[in-house]
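Some notes on the structure that comes next.
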Amino acid sequence: MLRNVFIILMVLSLILMAGCERTVMERSEIFTEEVRVRDLIFTPSIHGTGVGPTLDLTGEGGLGIAVTSVSTKEKHSIVFECQHGGFVIEREELWKKLHEDSVYTCHYVNLFKAVYNGDQFVSRDFYDFDFLGLAEFPDLMEEPDPRHEVVN
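Below is the structure:
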């Protein structure tokens, strides 16, 4: 009985010490900067099938046949150079309109993981950029993910 009470008290103390931390996905305001198209890459779709032998490694000495099939979709990738170094996106409609070594105006947001203990701010860590689009092609611009709260 005393052992059960001790275990319950330990569990309760761990819960109280852990608090009610929650992680929130946040984003910055929209930033703008110039980017240069370094490369436009097209990777065609492929499909392949192969047949090969299998071995039974359990010691029973059986042989079998394995059929493997692999498919990939075509990709339209854009390699940009910017003040942060560079980044790659995959957007077919934008890929069709761009030219290598051309300069465009990029819109993006910074993405953060923030930790709060109740309403008290604990920490915020940058984890990615979210490319929204190019000013020159407003019809292809995307809105920031509404699940990310805006950081003040």
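Residues 3 to 154 in my numbering are what the sequence shown lists, from first letter to last. All C-beta atoms, glycine included, are put in the ideal place defined by N, C-alpha and C.
Proximity below 7 angstroms, CB of ILE32 to CB of HIS86: no
Could you name the residues of the same chain whose beta carbon sits closer than 7 angstroms to that of LYS99, not counting the 5 residues immediately before and after it, in chain order? PHE139
Could you check whether LYS77 and GLU92 sit closer than 7 angstroms to each other, using their CB atoms as the reference points? yes
Taking the beta carbon of GLY120 as the centre, do at least 16 other beta carbons fall within 10 Å, making it buried, or is it exposed? exposed
Looking at the strands, I want to know which residues DSSP matches up with GLN122. ASN119
Sheet register partners of MET3 (DSSP bridge): Answer is none; MET3 lacks a bridge partner.
Whose C-beta lies closer than 7 angstroms to the C-beta of TYR57 among residues of the same chain, with five residues either side of it excluded? Strictly speaking, residue 57 in this sequence is Leu, with Tyr absent from that position. The residues are LEU65.
Hey, could you find the ends of the beta strand (DSSP E) LEU65 is sitting in? 65-74
Spatial distance of LEU59 from GLY50 (CA atoms): 27 angstroms
Cutoff 7 angstroms; reference ARG150; Cβ partners in own chain excluding five residues on either side: Note that residue 150 is His in the sequence shown here, rather than Arg. The answer, listed in chain order, is MET27, GLU28, ARG29, LEU113.
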